[in-house]
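Structure, as structure tokens:
Chains as they are written, first to last, in this note's numbering: chain A, 380 to 800; chain B, 380 to 800.
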């Protein structure tokens, strides 16, 4: 086979059955946004590389993104994430926006990484953000929204866990354990990937920092934090209890999130078993908008998840429902070229009644082939109009599930079919 | 203002109100696909440049597309159109697909052209294709689907016209007027842009071809074609009459469509007045799949339209309805930090009842500010729970439209609000 028929590596061909599953995932994401009050927005897929340099090194961006040179030799980046675009758009419209504002985006993102289970180079990401509130209520609303996505998919607390932490609490607690400001950033870097390290490698990496109290830091990182150890966590769990969501959430000191822009709450949702990949991640970023204009003091908190990872998770837990990709409820067959006119009249009548209907798009195929088409496409009803029916002013309706068929008056076909579909 | 807050040229920031309008346009496009039996699919946004070289010169593609070099120095193209990806996907799955198949895609396309009214560098395009039928019924179904998009927007035959032509009919008729095979391709090129030429320039361009019968060709091109002049057109109009769609359609010899791959029917929808830009275009392409595998003889017919041009058309004709961007039906206010618990209980109760509800995400703002938030966001109902209400076990519901407010039992709030929204 011609290799050109394959998509490029890490990119997906979505044939109708897969696209229908993706649309189901999108509908869960959109419904959650609606239920929790997030308005949809969108921004460009290509952005000037400058907007990503605020928070990452150029070297990292060059390694992890797809780039385009425009005709003025500017480097444009296929957006790897939405938050920098969001911060740009908030900065641009800061005079017009009614704050706080809850925003939702679902769109493509691109990362030049090795594809693996739950990760492609091209994927959809859904982002939910609350902009303009520094209140812990906004943090909890984000957690509630995130949890609703998973319960909306039919998952339970036995299948996913929300790991929460706080950058600022971590900072304070580590400082109390003697970590100085030079050691803080590299230590957070080690914590960010400690899940992937052996006990030994973890110890080695920690040793390089020259901490005054290595053992105490290790003990702190390896053990659960008591919510009562800090006023932020105490208040967070008090609120989560009122939301009846505390059963989903655990404080986990190993969660710090890789991105530099987080300032407070950070969280990740992970499967309890199976994939080790994070399913959703987010946190509070109170200084991101001010990188555009230091006079703009606009706090934010939000999170993102991807269709690829949700799909893998839902599949692992048998949570993908049966979805029909073919919208058609009634197929009007074409008995032979001489009966086209009658079939066209019926299909148009059905459509005018608001029924999803199609006419078999070829007038010279055997009825048998047309019935097979309906069957393979899961079209529930078929209408047959031969010369006899035309003479009598009737049509034959066949229910492909029950195999029953009956004759009805052609004039009444729209109304009768409307009751069936 | 920092220039970095602007999107790059030809790319759009869609704040919620604009995104809601775009979603409305998407819903019309999707509903039409459903009504006419088209299944949704999608493919990659980046494709190997090779798949476009089948039908256009590399020079043209380099001039009109955004390109990415991958790490193997392969040139990837941000898809400028969907049809080549579709042909690739059909060729790849030709053994599995049930043909004929009706396919619908809505997705981003990118063209490196000068932005103007109805045209951006980044835009959504909706593609509708019938693959695997060479029957004129498939042609007419495409025309019917295309027309339904415009009637679905509320447009009438006074506002848009469907110009149809046929590449093969043109070929025959021009041949009969003495055009030889060397002259045919450059002549079609002139015809494709003759709308934009003055009478004089048109005559000049035609003259360069050295036709044997220039005047007859000019007369043919400048005058309507009688449907009865050709069996294809005669049958097309016979069917269009049965569909009751003939009033929208005109044969126009100046429509040939620029793309090389069209083989039969070609058509464009244009506004009757205003913009000269084509709103939708398509045609029959019977040899496109065989460019991947010459053993695959799979005919196709389809068309595409863009959100940008539909938006401009709908705006020109005042066809854009009022759309709400904020999904929230009920805002639960937070009277003061001491009442947060009661407000959270109510908002969660509403959400469990399937109501789109939000809690004001800050507990230290005056009620007045919260009511303004509801008002500016067009949220129809507000719930207020102060210390008095908590004591009585009630909540106050305020209808922001009628300004009426009433007190209801907190226990019944879910059921009562469900009746209102």
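C-beta atoms are modelled at their ideal positions from N, C-alpha and C, and glycine is treated no differently. Just so you know, these numbers come straight off a predicted model, no measurement behind them.
Status (buried if at least 16 other CB within 10 Å, exposed otherwise) for residue i
i                     : result
residue 511 (chain A) : buried
residue 705 (chain A) : buried
residue 514 (chain B) : buried
residue 701 (chain A) : exposed
residue 464 (chain A) : buried
residue 802 (chain A) : The structure shown does not extend to residue 802 (chain A), since chain A is modelled only from 380 to 800, so the question has no answer here.
residue 644 (chain B) : buried
residue 545 (chain B) : buried
residue 745 (chain A) : exposed
residue 535 (chain A) : exposed
residue 490 (chain A) : buried
residue 554 (chain B) : exposed
residue 628 (chain B) : buried
residue 386 (chain A) : buried
Residue-chain proximity (residue i, chain B), Cβ-Cβ < 9 angstroms
i                     : result
residue 516 (chain A) : yes
residue 443 (chain A) : no
residue 460 (chain A) : no
residue 472 (chain A) : yes
residue 380 (chain A) : Here the model assigns residue 380 (chain A) a pLDDT of 48, short of 50, so the residue's position is not dependable, and the following value carries that caveat. Closer than 9 angstroms to some Cβ of chain B, the Cβ of residue 380 (chain A) qualifies, so yes.
residue 741 (chain A) : yes
residue 552 (chain A) : no
residue 719 (chain A) : yes
residue 647 (chain A) : no
residue 685 (chain A) : no
residue 487 (chain A) : yes
residue 733 (chain A) : yes
Short Cβ contact (9 angstroms threshold) for residue i with residue j
i                     : j                     : result
residue 590 (chain A) : residue 558 (chain A) : yes
residue 603 (chain A) : residue 613 (chain A) : no
residue 842 (chain B) : residue 469 (chain B) : Nothing about residue 842 (chain B) can be reported from this structure: the residues present for chain B run from 380 to 800 only.
residue 507 (chain A) : residue 681 (chain A) : yes
residue 806 (chain A) : residue 532 (chain A) : Outside the shown range of chain A (380 to 800) lies residue 806 (chain A), about which nothing can therefore be said.
residue 663 (chain B) : residue 642 (chain B) : yes
residue 485 (chain A) : residue 505 (chain A) : yes
residue 650 (chain A) : residue 539 (chain A) : yes
residue 588 (chain A) : residue 566 (chain A) : yes
residue 766 (chain A) : residue 714 (chain A) : yes
residue 522 (chain A) : residue 624 (chain A) : yes
residue 487 (chain B) : residue 458 (chain B) : yes
residue 389 (chain A) : residue 501 (chain A) : yes
residue 691 (chain A) : residue 655 (chain A) : no
residue 416 (chain A) : residue 712 (chain B) : no
residue 571 (chain B) : residue 661 (chain B) : no
residue 723 (chain B) : residue 622 (chain A) : yes
residue 435 (chain A) : residue 639 (chain A) : yes
Interface flag, residue i vs chain A, CB-CB below 9 angstroms
i                     : result
residue 453 (chain B) : yes
residue 779 (chain B) : no
residue 671 (chain B) : yes
residue 666 (chain B) : no
residue 622 (chain B) : yes
residue 644 (chain B) : no
residue 801 (chain B) : Residue 801 (chain B) lies beyond the residue range present for chain B, which begins at 380 and ends at 800; the question has no answer from this structure.
residue 752 (chain B) : yes
residue 423 (chain B) : yes
residue 417 (chain B) : yes
residue 701 (chain B) : no
residue 627 (chain B) : no
residue 763 (chain B) : no
residue 612 (chain B) : no
residue 513 (chain B) : yes
Presumed contact (8 angstroms Cβ cut-off) between residue i and residue j, rounded CB distance
i                     : j                     : result
residue 542 (chain A) : residue 646 (chain A) : 6 angstroms
residue 786 (chain B) : residue 800 (chain B) : Contact doesn't hold; Cβ gap of about 18 angstroms is too wide.
residue 686 (chain B) : residue 503 (chain B) : 4 angstroms
Check: residue i C-beta below 8 angstroms from any heavy atom of the ligand COA
i                     : result
residue 787 (chain B) : Inclusion of the ligand COA in the displayed structure is not the case, the ligand content being empty and no account of it being possible.
Three or more C-beta pairs closer than 8 angstroms, one from the stretch 737-752 of chain A and one from the stretch 390-410 of chain B: is that the case here?
No, because fewer than three Cβ pairs between the stretch 737-752 of chain A and the stretch 390-410 of chain B fall closer than 8 angstroms, the two stretches do not touch.
Pairs of beta-carbons, one from the stretch 666-679 of chain B and one from the stretch 458-475 of chain B, closer than 8 angstroms: are there three or more?
Taking 8 angstroms as the limit for Cβ pairs, the verdict is that the stretch 458-475 of chain B does touch the stretch 666-679 of chain B.
Validate contact between the stretch 391-398 of chain B and the stretch 741-757 of chain A using beta carbons, cut 8 angstroms, 3 pairs:
Pairwise C-beta distances place the stretch 391-398 of chain B out of contact with the stretch 741-757 of chain A, as fewer than three of them are shorter than 8 angstroms.
Do the stretch 487-500 of chain B and the stretch 405-421 of chain A make contact, defined as three or more Cβ pairs closer than 8 angstroms?
Judged by Cβ distances under 8 angstroms, the stretch 487-500 of chain B makes no contact with the stretch 405-421 of chain A, as fewer than three pairs qualify.
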